[in-house]
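First residue of the sequence shown? That's 6 in this note's numbering, and the numbers climb one at a time after it.
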Amino acid sequence: MSKLDGNGLWEFSRMMLPDHREAIIRLQLKEGRKDRPTLDPQEMELIEQALAESFHEHRPITIRLFDEYEDMEVTGIVVLINTFRREIKLSIAEGDWHWIKIDEIVSVS
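Next up, the structure:
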């Protein structure tokens, strides 16, 4: 009995149930994940204040968004704030914009 080089499975067990395959993939992806940071109310207030200033003064702002594997930064101007859905519309370039949930924001600068 020898181990295969590429996929690490034993020769006699080349077939795998789909459920087992999905579980292995989930485990591999989970290893690189990180947890969402918990922001205190004071930090959330500062983020919301910076978003409001960008909206009122049409000033560019850099937003760091949470991602399980690697945080992402987006720079633009807040053109709309939807308080009911807790989202902002960020204009990246002329005709290019993104809706961003406020709960996904980790920091602003």
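Quick reminder that beta carbons are idealized off the backbone N, C-alpha and C, glycines included.
Keep in mind that this is a model prediction, so the values were computed, not measured.
Rounded to the nearest angstrom, the Cβ distance from F60 to V111 is 19 Å, too far for a contact under 8 Å. Taking 8 Å as the cut-off, the beta carbon of T88 is found no closer than this to the beta carbon of T67. Taking 8 Å as the cut-off, the Cβ atoms of V83 and L95 count as close.
Annotation for H63: no beta strand (DSSP E) segment contains it, and DSSP assigns it neither H nor E. In the three-state DSSP reduction, S112 falls in the strand class (E or B).
The beta carbon of W104 sits closer than 7 Å to those of E92 and K94, all from its chain and outside the five residues before and after it, given in chain order. The DSSP assignment places 23 to 36 and 46 to 62 as complete runs of the alpha helix (DSSP H) inside the region 19 to 83, in order along the chain (cut-off: 4 residues).
A distance of 8 Å or more separates the beta carbons of L56 and I97. For E92, the enclosing beta strand (DSSP E) covers residues E92 to A98.
Straight through space, the alpha carbons of R41 and K35 are spaced by roughly 14 Å.
If the five residues before and after E109 are omitted, its C-beta is found closer than 7 Å to the C-beta atoms of L70 and F71, all from its own chain and listed in chain order.
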